[in-house]
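The listed protein sequences correspond, in order, to chains C and A.
Under the numbering used here, think of the first position of the first sequence as 29, with each following residue one higher.
Under the numbering used here, think of the first position of the second sequence as 42, with each following residue one higher.
Report on the structure given below.
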Amino acid sequence: MTDFDVIVVGAGPAGVSAALEAARGGLRVALLERGAYPGAKNLMGGVLYTHVLAELIPDFRDRGAPLERHVLRRGVSLLSADAEMSLGFRNHRWDRPPHNHSYTVLRARFDRWFAGVAEAEGVELLTGVVVDRVLKDGEGRAQGVAVRMPEGEDPSGGELRAPLVILAEGANGVLAEAEGLRPRPSPRHMALGVKETLALPRETIEERFGLEGEQGAAWEYLGEATAGLRGAGFVYTNRDTLSVGVVVYASDLAASGLMPAEVLDRFKAHPAVAPLVEGGEVLEYGAHMIPETGYDRLPLLFRDGVLLAGDAAGLVSTSPSHEGSNYAMASGRMAGQTAVAAHRAGDFSSATLTQYRRRLEDSFVLKDMAHYRAWPGFLEQNPHVLSRWPAAAAEMAEAWFRVGGTPRSERGAEVWDLFQRRVGIWPFAATAFQMRNALRILGYGKTDKLLEYLARNW
Amino acid sequence: MSTQPKRTLTVEERLAANEVRPDRCSHLDLVEPGTCGTCEGRECTRVCPAGTYRWSEEAGRVIIGFENCLECGACRLVCPHANISWRYPMGGMGICYRYG
Chain C
29 MTDFDVIVVG
39 AGPAGVSAAL
49 EAARGGLRVA
59 LLERGAYPGA
69 KNLMGGVLYT
79 HVLAELIPDF
89 RDRGAPLERH
99 VLRRGVSLLS
109 ADAEMSLGFR
119 NHRWDRPPHN
129 HSYTVLRARF
139 DRWFAGVAEA
149 EGVELLTGVV
159 VDRVLKDGEG
169 RAQGVAVRMP
179 EGEDPSGGEL
189 RAPLVILAEG
199 ANGVLAEAEG
209 LRPRPSPRHM
219 ALGVKETLAL
229 PRETIEERFG
239 LEGEQGAAWE
249 YLGEATAGLR
259 GAGFVYTNRD
269 TLSVGVVVYA
279 SDLAASGLMP
289 AEVLDRFKAH
299 PAVAPLVEGG
309 EVLEYGAHMI
319 PETGYDRLPL
329 LFRDGVLLAG
339 DAAGLVSTSP
349 SHEGSNYAMA
359 SGRMAGQTAV
369 AAHRAGDFSS
379 ATLTQYRRRL
389 EDSFVLKDMA
399 HYRAWPGFLE
409 QNPHVLSRWP
419 AAAAEMAEAW
429 FRVGGTPRSE
439 RGAEVWDLFQ
449 RRVGIWPFAA
459 TAFQMRNALR
469 ILGYGKTDKL
479 LEYLARNW
Chain A
42 MSTQPKRTLT
52 VEERLAANEV
62 RPDRCSHLDL
72 VEPGTCGTCE
82 GRECTRVCPA
92 GTYRWSEEAG
102 RVIIGFENCL
112 ECGACRLVCP
122 HANISWRYPM
132 GGMGICYRYG
């Protein structure tokens, strides 16, 4: 006896996408959410890349998706203790749809809307339901889930049955862990994000960030932004709030002796950031983990009757571009499609579910992740890239721009001196070489290609 | 802008802004409370963004204020003794992000 054709655990971007895709394929879908509503437990910095959403719901803008602002300005700043060196970008063409598929969002609002769309298409959304474990038959095949909800609200008798379970439970992946699909991650491969939502009048936000109307900005900060810990600070503009936070490797944080709120406070107090957040009233304070496990530590993505999607599967771009919610939606879609195919075949064993892995391998999700597979290792071996060097760069810029003191003619030598002391030509060359390999750029993998590149460009 | 550095909010003041539906009992526990007495780093007391874990010298153990928990899961990963028994609160309870 089954209650549903497929049970999806977690109503975030991965889970809702999976549920929607499965329902469109004609399946009876249960979407379980432990929060009081979808999004109640979900948090991210906040830029949503909507190219996958546009495939799922082409008219998402007209259907009232709670988008905050489209990202017109992007940038990164390197911070020393009191200086900022920044590289900013703005493209007026991003003012028109599809807005470079980049919008700031507040996840509690977005996820709720997204799940509502799935519900309208026949998905049975059950909120306030915690899944404690996956039910299995004698041969270890998933048969459903054991659930926990407040007394008197449980019509299911604690169990929901389906031949297929999609785990889209988020970064902590406690069910995937219990199912042996992944080990408990090391704090070296998980980042902790802490964030404040700050209230500011629209006009103030637009004035401070040089924006008009629906335009938005997404800015990242390295170096002193995270008190020298590996990670980054961020400021994203919403309609009438700012999302301000820091993301740091859990291992670095644990070793630093700093508390997350202290790191955040230092970031907010930095002279480059303070004027942007000045006067913002804290509306909410939240925290969330980000899997930085990467391609080489991917969990098992499926097992008899179980598929893993989104953050729970570690599907996050471990590269200088931080993407995750789009990977979640794409993997959710593919899990949903796999569920439909499995029902058609009447087989929920690994033999059929392995096509999920193939779908992912053929998509940008695992192609990107495979491309940047060496990046997490690079950051582990070269922590100075995120810890000491950004501040050194800002100091060099300061030495260059400083007026008075050293004669102009000696300024170059002074900057070079600073570079030698704070960075060093050999460490720089060695790191640059490794970075090239990690990012697979400039004729990666073939020495003759690199020589060719250098010959062509110099 | 004022030249005086502004007082930053305490973690408690920040948490006061959040919507929380407190569970009736703690979803967090210590596997072996005695272990924390011998723990050198007590990482949980520093890494938790909500200050959920506090070392009490008088009690000789870590005190857990589970009501503050943001359910991020960091404590579980950084405890060097895997001494934190961590599960999600009852459905619908715990942190309830309004912005997220």
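Just so you know, even glycine gets a beta-carbon here, dropped at the ideal spot from N, CA and C.
If you check the CB distance, Ala199 (chain C) and Tyr138 (chain A) do not come in under 7 Å.
With a threshold of 16 other beta carbon atoms within 10 Å, Ser345 (chain C) meets it and is buried.
Counting C-beta pairs with one atom in each stretch, the segment 153-167 of chain C and the segment 103-117 of chain C have fewer than three that are closer than 8 Å, which means they do not touch. Interface residue (Cβ-Cβ distance to chain C less than 7 Å): Gly132 (chain A) is classified as such. For Phe295 (chain C), the number of other beta carbons within 10 angstroms of its own is at least 16, and it is reported as buried.
Secondary structure note for Phe461 (chain C): it is in no beta strand (DSSP E), and the uninterrupted alpha helix (DSSP H) holding it is Ile453 to Leu467. Between the segment 262-279 of chain C and the segment 241-248 of chain C there are three or more inter-stretch CB-CB distances shorter than 8 Å, so the stretches are counted as touching.
With contacts defined as CB atoms closer than 7 Å, Ala369 (chain C) and Phe376 (chain C) fail to qualify as a contacting pair.
Cβ-Cβ distances below 6 Å link Ile233 (chain C) to Thr265 in the same chain, with the five nearest sequence neighbours on each side left out; the list follows chain order. Around Phe138 (chain C), the same chain offers Pro94 as residues with beta carbons nearer than 6 Å, after the five sequence neighbours per side are excluded. Considering only A:Arg128, A:Cys77, A:Gly141 and A:Ala57, the residue with the shortest C-alpha distance to Ile104 (chain A) is A:Cys77. Taking 8 Å as the upper bound for CB-CB distance, Ala146 (chain C) and Val44 (chain C) are in contact here, some 5 Å apart. Among the residues facing chain C, Gly106 (chain A) is not included, as its CB has no counterpart in that chain under 7 Å away. Closest option to Gly201 (chain C), judged by alpha-carbon separation, among A:Leu118, A:Ile136 and A:Gly133: A:Leu118. As for any alpha helix (DSSP H) of minimum length 4 sitting wholly inside the segment 332-403 of chain C, the runs are 353-373, 378-390 and 392-399, ordered along the chain.
At a cut-off of 3 residues, the continuous stretches assigned as beta strand (DSSP E) that sit fully inside the segment 115-145 of chain C are 130-133. The three-state secondary structure of Lys296 (chain C), taken from DSSP, is helix.
When 7 Å is used as the limit between beta carbons, Leu281 (chain C) is near these residues of chain A: Val88, in chain order. Counted as a single uninterrupted DSSP element, the stretch harbouring Ser126 (chain A) is not any alpha helix (DSSP H) but the beta strand (DSSP E) occupying residues Ile125 to Trp127. Exposure of Val431 (chain C) is indicated by the presence of fewer than 16 other C-beta atoms within 10 angstroms of its C-beta. Put simply, the segment 315-326 of chain C touches the segment 212-228 of chain C. At least three CB pairs are less than 8 Å apart.
Within chain C, the residues whose beta carbon sits less than 8 Å from that of Leu56 (chain A) are Tyr313, listed in sequence order. Taking CB atoms only, Ala100 (chain A) has no neighbour in chain C less than 7 Å away. Burial is judged here by how many other beta carbons sit within 10 angstroms of a residue's own beta carbon; Trp417 (chain C) has at least 16 and is buried. Annotation: the continuous beta strand (DSSP E) that includes Gly314 (chain C) extends over Glu309 to Pro319. Interface criterion met: the Cβ of Leu111 (chain A) is under 7 Å from a Cβ in chain C.
Within chain A, the C-beta atoms nearer than 7 Å to that of His316 (chain C) come from Cys113, in chain order. Here the segment 51-71 of chain C makes no contact with the segment 374-390 of chain C; the two share fewer than three CB pairs at distances below 8 Å. Ranked by Cα distance from Arg386 (chain C), the first of C:Ser415, C:Gln365 and C:Tyr400 is C:Gln365. In this chain, the alpha helix (DSSP H) harbouring Phe237 (chain C) covers Arg230 to Phe237. Interface residue (Cβ-Cβ distance to chain A less than 7 Å): Met218 (chain C) is classified as such. In the three-state reduction of the DSSP assignment, Phe330 (chain C) falls in the strand class, which pools E and B. For Phe406 (chain C), DSSP assigns no beta-bridge partner whatsoever. Following the DSSP letters along the chain, one finds Gly43 (chain C) inside the alpha helix (DSSP H) bounded by residues Pro41 to Arg52. With fewer than 16 other Cβ atoms inside 10 Å of its own Cβ, Trp428 (chain C) counts as exposed. Nearest CB-CB separation between Met463 (chain C) and chain A: not below the 7 Å threshold.
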